[in-house]
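This report refers to the structure that appears directly beneath it.
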Amino acid sequence: MTEEEVRQKLASLRIEHRDLDHAIVALSNGGTPDMLQLARLKKRKLMLRDQIAILEDYLIPDIIA
């Protein structure tokens, strides 16, 4: 993957992560939430966070000081 492709993928993952956050809040606030669906959304959000961290690490390499 080129750096530009990584940046585009990172942007799309961040958008999906934010959308999941909104979906989780909406599901939680609506009466009796579907706990199974809520757990699935939270798990997906955590997976996205991990993918985002991996791509950010790829773009910003560690510098040994």
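Numbering (full-length UniProt numbering), first residue to last: 1 to 65.
C-beta: ideal position from N, C-alpha, C; glycine also.
Quick caveat: nothing in here was measured; it's all calculated off a predicted structure.
{"Query": "Using 10 angstroms around the beta-carbon of L59, count the other beta-carbons present and answer buried if the total reaches 16, otherwise exposed.", "Result": "exposed"}
{"Query": "Skipping 5 residues on each side, what residues in its chain have a beta carbon closer than 8 Å to that of K45?", "Result": "H17, L20, D21, I24"}
{"Query": "From what residue to what residue does the alpha helix (DSSP H) around D57 run?", "Result": "35-59"}
{"Query": "As a quick exercise: from L48, K42, Q8, pick the residue whose alpha carbon is nearest that of A26.", "Result": "K42"}
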